[in-house]
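One structure is given below, encoded as C-alpha cells.
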Amino acid sequence: MLGASFQIGRSALAAYQAALAVSGQNIANLANPDYARQTGRLSALTGGPVLGGVAPGGGVRLGDLRRHVDEAVEARLRLANGQLNANLLISGALGQTEAIYNELTDQDVSTQLSDLLAGFSQLQAAPNEVSQRNLLVASADGLISSFRRQRSGVQQQVMDLNRQAKAAVDRASRITEEIARLNVDIVAAESDGVTVSGALRDRRDALLRELSGYMDVRVREQENGSINVYVGSEPLVQFNRSRGLVVETQLQDGLELARIRFADDRGLVNVSQGSLAGILRARDRYMVEQIQRLDQLAHGLIYEVNRIHSCGVGLVGYDSLQSRYAVQDAFAPLDSAAAGLPFPLQNGTLLVKVRDGNSGQVITRQIEIDLDGLGGNDTTLATLAADLDAVPGIRARVLADNRLQIDADGGREFWFAEDSSGALAALGVASFFTGTNAADIDIDPNIRADVRRIATSASGNLLDGGIAGLLAGLASPERTSALLNNQSIQNFHASSMERLAVQAAAARGDAESADAIHQALLAQRESISGVNLDEEAVNLAQYERAYQGAARYISVLDNLTMELLALVR
0 MLGASFQIGR
10 SALAAYQAAL
20 AVSGQNIANL
30 ANPDYARQTG
40 RLSALTGGPV
50 LGGVAPGGGV
60 RLGDLRRHVD
70 EAVEARLRLA
80 NGQLNANLLI
90 SGALGQTEAI
100 YNELTDQDVS
110 TQLSDLLAGF
120 SQLQAAPNEV
130 SQRNLLVASA
140 DGLISSFRRQ
150 RSGVQQQVMD
160 LNRQAKAAVD
170 RASRITEEIA
180 RLNVDIVAAE
190 SDGVTVSGAL
200 RDRRDALLRE
210 LSGYMDVRVR
220 EQENGSINVY
230 VGSEPLVQFN
240 RSRGLVVETQ
250 LQDGLELARI
260 RFADDRGLVN
270 VSQGSLAGIL
280 RARDRYMVEQ
290 IQRLDQLAHG
300 LIYEVNRIHS
310 CGVGLVGYDS
320 LQSRYAVQDA
330 FAPLDSAAAG
340 LPFPLQNGTL
350 LVKVRDGNSG
360 QVITRQIEID
370 LDGLGGNDTT
380 LATLAADLDA
390 VPGIRARVLA
400 DNRLQIDADG
410 GREFWFAEDS
420 SGALAALGVA
430 SFFTGTNAAD
440 IDIDPNIRAD
450 VRRIATSASG
460 NLLDGGIAGL
470 LAGLASPERT
480 SALLNNQSIQ
490 NFHASSMERL
500 AVQAAAARGD
510 AESADAIHQA
520 LLAQRESISG
530 VNLDEEAVNL
540 AQYERAYQGA
550 ARYISVLDNL
560 TMELLALVR
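Residue numbering for the sequence shown is 0 to 568, as defined by numbering that gives the first Met the number 0.
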C-alpha cells in the first residue's frame, strides 16, 4: 500500500515539475514576438490502491500541452500585414517622386515653363536684342535639365523597385523552402499523436507572417500537422515541396521591368498584397505613368513650340537646313504609319520665303501638303523635296538616311511661314526644340550655333516680334493641344502634379489605415498568444507550493515506512 502512496507522490512531483517547466518556458520567451504561449492541463490519474475501503486515485499528470493560437486571427493578421506592406511601399515611392519633382521651388518644371514662355514674351518686346535671345536659351536649358533630371529620377526609381523585387523574391523563395523543411520536421516530431512541437510551429508561423509581408498567402493545415501554402489559386508549398520563386526581366516601352514567376514552370505569379504587390503597383501604375506623362508633356511642348517657331525667321535666315526627324519610307505619305514621323500633320499648305542678300528682294512660294488620302498623290518626303527644289533660289533633296536637306543658292537665305499642315514641325525643320520626349528634348543645334536664328518674325522685319508673341501665347489656358489631352501646356503639367499629389495623399491615408488595422490585430494576437508575466508569476507560486506539498507528502510516507520497519525488527 505504501508503494502505491509513493507513486501518488512521485506523480505529483513530476507533474508540478513539468508545470514549472512550462511556465519557465513561457517566461523565457516573454520578449520573443514569434512565441505562442503554452499551457498544460492537470488531470487526476485513475486506479491506485484501495486504502481503508477508499480508492483516492493514482496521482496526477500534466497533459494536453497546447499552444494558444487562434488561426482565424493569424489569417487576418497575415492579410493585414500584406496590406500594410503594400501601402507603405506605394506611399514611400510616391513620396520620393514628389521629392524628385521638387515642386513649389524655383527649380521645378512649373516655374521653368513659366520662365520660358515669359522669355518669349520679353523677346517679342525686343526682337533685335541678342542678349534677350541668350536669356531665352538659358531658360530653355533650365527646363530641359529639369525634364531630364525628373525623368532620370523616376526611371531610377523603377530600377530601384526592380532591385527590391529581386531581393524580396529571393527571400520569399528561401522562406518557402524552410517552410517545406519544417513541415517534414513537424510531422516527424508529432507522429505519436501526443507531442506538440511548439518551437517548430512557432518558427513556421513566424515564417508565414514574414511571407505574408511579401505576398498574399492562404494556408491550409493538413491532418498530419503539415501545411499547404497558396498564392492566389496557385500552390506555392505542398508538404515537403516548394515551387520556388524567380524574377525575370522584360523590356516594355524602353523600361526593364522585373516579373515574378514560379521557379518550376516559369508561370506568372499574381500577387495582390504584400510588398511585392506594392512594388509592382508602384512601378507599373504610378512610376511608369509619371514617365509617360513627363514624356507626353515634353512631346507636346516640342511640337507646339516648333509648329509656331518653324513659321518665322530671326535676325538672320537659313542658308542650309536638315530635318531633325527621318522618315522610314521616303515614298510613303507623310501622315502614314509607314513614314513613321513622331508628330502629327494634316492636309494644308506652307509658304517658302527666299531673300536675295544683295537686293533684299523676297520671293514667296506656296507648297501644297496634300494629305487628303484621295487620288493616290499624297505628299511624301520625296515629293516635298521635289516641290521645294522647284522654288527659285533653294535646292532640296532627300538624304540617304531619309531626312530632308535644303540649301540656299549663294547670296540667298530662306525661311518658312504659315504652315497649316504642321509638316515642318513633324519633320523638325526650322525648329526650336529637337527630340520627342523628356529624355532627349534639346535646343536645335542651329540655334545653339547662332541665337540670332530664334524665330521672332513672320515677315523678316527685324523689329517684328509677332512669332515670339505667338510663342508667348502658349501660356494661355485657351491654347490647348491635342497632344496634351486638349489642355494647355501649363494646365497639363498642373493636372499631372495635382494627380500625383492626390495619389500620394491617398497612399499615405491607406498606409495609416492599414497600420491601425495591423496594430489592432497584433494586440489581439498578443492577448491570445502573448505571455503575461503577472499570470505566470501566479502560476509559478501555485506550482511551487504544490511541489513543496508533494515533497512533504513523500517525506511523511518515508517516516511511516521507517516506523513500520522498526516495528518489524
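No residue lacks a Cβ here, since even glycine has one placed at the ideal position from N, Cα and C.
Every value quoted in this text rests on a predicted model; they were computed, and no experiment measured them.
Which of helix, strand or coil DSSP assigns to residue i
{"i": "Ile453", "result": "coil"}
{"i": "Val567", "result": "helix"}
{"i": "Val533", "result": "Sequence inspection shows Asp at residue 533; the Val mentioned does not correspond to that position. Here Asp533 sits in helix by DSSP."}
{"i": "Phe415", "result": "strand"}
{"i": "Ser480", "result": "strand"}
{"i": "Asp546", "result": "According to the sequence shown, residue 546 is Tyr rather than Asp. In this structure, Tyr546 counts as helix in the three-state DSSP scheme."}
{"i": "Val236", "result": "strand"}
{"i": "Phe5", "result": "helix"}
{"i": "Val361", "result": "strand"}
{"i": "Leu87", "result": "helix"}
{"i": "Arg65", "result": "strand"}
{"i": "Tyr324", "result": "coil"}
{"i": "Asp105", "result": "coil"}
{"i": "Gln272", "result": "coil"}
{"i": "Glu497", "result": "helix"}
{"i": "Tyr34", "result": "coil"}
{"i": "Glu176", "result": "helix"}
{"i": "Ser241", "result": "strand"}
{"i": "Ser145", "result": "helix"}
{"i": "Ile26", "result": "helix"}
{"i": "Arg60", "result": "strand"}
CB contact flag (residue i, residue j, <7 angstroms)
{"i": "Pro341", "j": "Tyr324", "result": "yes"}
{"i": "Leu160", "j": "Ile278", "result": "yes"}
{"i": "Leu350", "j": "Ala416", "result": "yes"}
{"i": "Val230", "j": "Val216", "result": "yes"}
{"i": "Ile440", "j": "Phe146", "result": "yes"}
{"i": "Ile405", "j": "Leu320", "result": "yes"}
{"i": "Leu235", "j": "Thr175", "result": "yes"}
{"i": "Gln272", "j": "Ala85", "result": "yes"}
{"i": "His308", "j": "Ala454", "result": "yes"}
{"i": "Leu296", "j": "Arg150", "result": "no"}
{"i": "Gly212", "j": "Ile185", "result": "no"}
{"i": "Ser138", "j": "Asp114", "result": "yes"}
{"i": "Gln111", "j": "Ala467", "result": "no"}
{"i": "Ile393", "j": "Val353", "result": "yes"}
{"i": "Ala513", "j": "Tyr15", "result": "no"}
{"i": "Gln37", "j": "Val59", "result": "no"}
{"i": "Gly197", "j": "Arg66", "result": "yes"}
Terminal residues of the alpha helix (DSSP H) in which residue i lies
{"i": "Asp294", "result": "287–308"}
{"i": "Glu189", "result": "Note, Glu189: premise wrong, no alpha helix (DSSP H); not H, not E."}
{"i": "Arg219", "result": "No alpha helix (DSSP H) contains Arg219, which is instead part of the beta strand (DSSP E) from 217–220."}
{"i": "Thr110", "result": "108–124"}
{"i": "Ala384", "result": "380–388"}
Length of the line joining the Cα atoms of residue i and residue j
{"i": "Asp355", "j": "Leu470", "result": "28 angstroms"}
{"i": "Ala167", "j": "Ser90", "result": "18 angstroms"}
{"i": "Cys310", "j": "Gln486", "result": "23 angstroms"}
{"i": "Lys165", "j": "Asn133", "result": "48 angstroms"}
{"i": "Leu403", "j": "Asp388", "result": "11 angstroms"}
{"i": "Asp201", "j": "Ala549", "result": "33 angstroms"}
{"i": "His492", "j": "Leu482", "result": "13 angstroms"}
{"i": "Val68", "j": "Gly2", "result": "41 angstroms"}
{"i": "Ala281", "j": "Gly409", "result": "58 angstroms"}
{"i": "Phe431", "j": "Ile442", "result": "6 angstroms"}
{"i": "Ser190", "j": "Ala17", "result": "21 angstroms"}
{"i": "Asp264", "j": "Glu70", "result": "31 angstroms"}
{"i": "Leu532", "j": "Leu29", "result": "8 angstroms"}
{"i": "Gly57", "j": "Arg242", "result": "52 angstroms"}
{"i": "Gly624", "j": "Phe261", "result": "It is not possible to answer for residue 624, since the shown part of the chain is limited to 0 through 568."}
{"i": "Ala580", "j": "Gly23", "result": "Lying outside 0 to 568, the shown extent of the chain, residue 580 is not represented and no answer is given."}
{"i": "Phe119", "j": "Leu135", "result": "7 angstroms"}
{"i": "Leu116", "j": "Ser475", "result": "10 angstroms"}
{"i": "Glu534", "j": "Asn25", "result": "11 angstroms"}
Residue range of the unbroken beta strand (DSSP E) whose run includes residue i
{"i": "Leu250", "result": "244–251"}
{"i": "Val228", "result": "226–230"}
{"i": "Ala257", "result": "254–261"}
{"i": "Val353", "result": "347–355"}
{"i": "Ser42", "result": "37–44"}
{"i": "Asp406", "result": "403–407"}
Q: Check whether the segment 409–423 touches the segment 353–371, counting contact only when three or more Cβ pairs, one atom from each stretch, lie closer than 8 angstroms.
A: yes
Q. Does the segment 282–296 touch the segment 492–501, meaning 3 or more C-beta pairs lie closer than 8 angstroms?
A. yes
Q. Can at least three beta-carbon pairs, one atom from the segment 179–195 and one from the segment 328–340, be found at a separation below 8 angstroms?
A. no
Q | Three CB pairs or more closer than 8 angstroms across the segment 66–85 and the segment 518–526 | A | yes
(Q) Counting beta carbon pairs with one atom in the segment 552–562 and one in the segment 0–19, are three or more of them shorter than 8 angstroms? (A) yes
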